[in-house]
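These notes are about the structure you will find just below.
2 protein chains.
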Amino acid sequence: MNTELTPRGFREAVRTGLHTGQTSGACPGYAQTNLVVLPQRYAYDFLLYAQRNPAAIPLLEVTEAGERLLRKIAPGADTATDYPKYRVYRDGVLTEEPIDVVKLWRDDFVSFHVGCSFSFESSLIEAGVPVRNIEENRNVPMYVTNIPCDPAGVFSGTMVVSMRPIPYALIPRAVSVTAQMPRVHGAPVHIGDPSLIGITDVGAPNYGESVTINPGEVPVFWPCGVTPQVAVLNAKPEIAITHAPGHMLVTDVRNAALRV
Amino acid sequence: MNTELTPRGFREAVRTGLHTGQTSGACPGYAQTNLVVLPQRYAYDFLLYAQRNPAAIPLLEVTEAGERLLRKIAPGADTATDYPKYRVYRDGVLTEEPIDVVKLWRDDFVSFHVGCSFSFESSLIEAGVPVRNIEENRNVPMYVTNIPCDPAGVFSGTMVVSMRPIPYALIPRAVSVTAQMPRVHGAPVHIGDPSLIGITDVGAPNYGESVTINPGEVPVFWPCGVTPQVAVLNAKPEIAITHAPGHMLVTDVRNAALRV
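In order, the protein sequence lines correspond to chains R and B. Heads up, the first sequence stops at 259 in numbering that gives the first Met the number 0, and the numbers go up one at a time, no gaps. Heads up, the second sequence stops at 259 in numbering that gives the first Met the number 0, and the numbers go up one at a time, no gaps.
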């Protein structure tokens with residue numbers, strides 16, 4: 000992956016099929032987003048689900064029905080092509096993982112672009128906090144927890160979290176750096192013992208890839224923008240499109256601009 | 000006004016008509032909210048308007064259609080009675096200012112409870128920053144600006160701001176204290192020359208009361224939860240109910256819990 004690309008150049012590489020992989024570490028300093036696309040009749044319930052669960056689902060842009068192009072966080076970016084990989088859920092069942100969704104697009108689709116924890120990884124690195132998934136060039140490990148989300152309409156479920164192992168001495172710094180960025184999930188939701196949030200095997204993530212946890216390091220868990228996919232499994236809309244976990248849109252928004 | 004009351008006790012005083020005044024300084028340390036009530040068919044557009052303008056319209060709780068009682072920020076509080084004074088807009092025209100809206104309540108009403116800058120006033124005072132409207136026991140001055148909001152559906156308009164005069168030396172502290180509280184409007188949107196944001200006479204606010212600006216003080220402007228009322232004037236729904244500016248709901252949420 001060429002990390003020297005601008006966000007526009009990176010999206011161009013994604014759009015033309017040159018980059019279909021995960022995006023951890025892509026375009027350091029720029030915010031990335033998760034995706035949820037739903038038919039308009041589910042849009043109110045989902046917007047309310049996001050409002051009620053802002054740590055897991057911080058919305059950075061919501062498009063008009065039928066509109067593929069973004070206008071605020073990545074002007075001109077195409078919702079149907081500029082994420083490297085998508086997931087298509089039909090009646091709550093994952094049916095496809097295409098690299099674009101142009102042929103599936105409908106005039107009643109509303110797309111929700113959700114802040115992503117990849118956005119704060121460069122801030123952690125700048126602050127001297129190691130980010131293992133970047134060091135090991137892997138997708139971040141993500142887990143379905145037992146932390147309940149506040150339901151809204153047809154949407155309900157538990158929170159999905161991403162995990163980064165942090166050395167004990169750097170945990171306060173990791174918390175304070177990320178707490179300043181609530182629009183990309185903010186502070187951790189849990190630090191330490193994974194079993195307390197329903198994770199039985201930290202080596203077997205539900206999404207993404209496992210990473211090494213060294214002696215003296217603690218697993219630290221942040222709310223994750225894959226959370227809506229659990230809600231989609233429960234709500235079973237006739238169709239829903241999401242990003243494939245870890246395969247994000249790189250926006251034109253600098254992470255520094257998302258700090259409070 | 001008895002500022003020793005708990006939020007529950009204060010709401011009881013409001014509900015029984017003992018307190019019908021503005022709420023600046025009420026129950027120090029507890030967050031207050033602005034109100035917008037709309038028929039359900041406007042709810043998606045308004046929810047999107049809030050998502051697109053989070054500094055002016057930070058939503059703390061949205062109820063189910065027809066539900067008067069809050070369940071999160073002030074469990075058991077009654078949307079129709081626990082704000083000290085309401086405004087009723089019919090077809091975009093302000094028609095009444097009742098002290099409750101029980102008889103107007105409809106099964107299709109959705110209520111939006113919006114974070115309020117009164118919430119951070121006690122944090123400013125604790126940090127040594129004077130809050131003139133509390134010192135002078137007045138409602139805060141609020142102004143319609145020329146700062147455009149990002150439209151959504153039928154809702155559009157410019158931002159309303161609240162103003163507090165701050166001594167030059169304390170402006171950085173006022174910014175840093177309030178920036179930590181994005182769910183109650185966060186950092187100022189403008190500091191200094193009122194004409195740059197379309198305010199022609201700082202002594203003649205559009206809502207609330209004017210306060211003294213002493214020599215050596217600068218007017219500092221924060222996004223205000225009265226912003227939706229401008230959008231209601233433009234959208235002209237057949238009915239909309241808001242709080243009367245400055246007449247807030249006192250919630251059970253401690254301001255400290257709203258800090259990032």
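Cβ coordinates follow ideal geometry from the N, Cα and C atoms, glycine included. It should be emphasised that the depicted structure is a prediction, and the values quoted were computed from it without experimental measurement.
- Annotated as proximal: I56(B) and G224(B), with beta-carbon spacing under 8 angstroms.
- Interface residue (Cβ-Cβ distance to chain B less than 8 angstroms): G202(R) is not classified as such.
- A Cβ-Cβ separation of about 12 angstroms leaves F108(B) out of contact with F45(B) under the 8 angstroms criterion.
- Across the stretch 206-238 of chain R, no CB contact with chain B closer than 9 angstroms is found for any residue.
- By the C-beta criterion, the stretch 232-243 of chain R is judged not to be in contact with the stretch 2-11 of chain R, since fewer than 3 inter-stretch pairs fall below 8 angstroms.
- Nearest C-alpha to T32(B) among T80(B), M141(B), Y48(B) and V183(B): V183(B).
- Non-local beta-carbon contacts of D90(R) in its own chain, meaning distances under 7 angstroms to residues more than five positions away in sequence, involve K235 and E237 in chain order.
- The C-beta distance from G215(R) to Y142(R) rounds to 22 angstroms, too long to fall under 8 angstroms, and the pair is not in contact.
- Identification of chain R residues near L47(B) by a Cβ-Cβ cut-off of 8 angstroms yields L46 and V61, ordered along the chain.
- Bounds of the beta strand (DSSP E) holding N145(R) are M141 to P147.
- Counting C-beta pairs closer than 8 angstroms gives fewer than three between the stretch 91-107 of chain R and the stretch 173-189 of chain R, which falls short of the contact rule.
- Contact between G156(R) and G207(R) is absent: CB atoms are separated by about 18 angstroms, not below the 8 angstroms threshold.
- Contact between A239(R) and Y88(R) holds, with the beta-carbon distance rounding to 5 angstroms and staying under 8 angstroms.
- When Cβ-Cβ separations below 8 angstroms define contact, Y88(R) makes no contact with chain B.
- Neighbours of V36(B) in chain R, taken as residues at a C-beta separation under 7 angstroms, are lacking, since the least C-beta distance is about 16 angstroms.
- Residue pairing by DSSP places N33(B) opposite V113(B) in a beta bridge.
- Legend: CB atoms of the stretch 70-87 of chain R lying less than 7 angstroms from CB atoms of chain B are not found in any residue.
- Excluding residues up to 5 positions away in sequence, S23, G24, E120 and I124 lie with their Cβ nearer than 8 angstroms to the Cβ of I133(B) in the same chain.
- For V92(B), there is no enclosing alpha helix (DSSP H); the residue is part of the beta strand (DSSP E) that begins and ends at V92 to E95.
- Going by DSSP, D251(R) is part of the beta strand (DSSP E) stretching over L248 to R253.
- Cβ atoms of V128(R) and P164(R) stay farther apart than 8 angstroms, at about 11 angstroms.
- Distance from the CA atom of G185(B) to the CA atom of K71(B), rounded to whole angstroms, is 21 angstroms.
- Boundaries of the beta strand (DSSP E) harbouring S161(R): T157 to P166, taken from the DSSP string.
- The continuous alpha helix (DSSP H) containing V231(R) extends over residues T226 to A234.
- Beta-bridge pairing by DSSP links E216(B) to P166(B).
- Per DSSP, the beta bridge partners of I190(B) are V219(B).
- Put simply, the CB of G185(R) is near chain B, with a gap under 8 angstroms to one of its CB atoms.
- Ranked by how close their Cα comes to the Cα of R253(R), the residues P27(R), L4(R) and N213(R) have P27(R) in first place.
- One Cα belongs to V201(B), the other to A256(B), and the distance between them is close to 33 angstroms.
- In the three-state DSSP reduction, T177(R) falls in the helix class (H, G or I).
- Listed in chain order, the positions of the stretch 149-165 of chain R with a beta carbon within less than 7 angstroms of a beta carbon of chain B would be empty, since no residue qualifies.
- Secondary structure note for V13(B): its alpha helix (DSSP H) is the uninterrupted segment P6 to R14.
- Separation of V113(R) and T5(B) (C-alpha to C-alpha, rounded to the nearest whole angstrom) is 37 angstroms.
- Of the candidates D149(B), V259(B), R131(B) and M158(B), the residue whose Cα lies closest to the Cα of I212(B) is R131(B).
- Counting along the chain, the unbroken alpha helix (DSSP H) around A49(R) starts and ends at A42 to R51.
- When the Cα atoms are used, Q228(B) and I198(B) turn out to be separated by approximately 18 angstroms.
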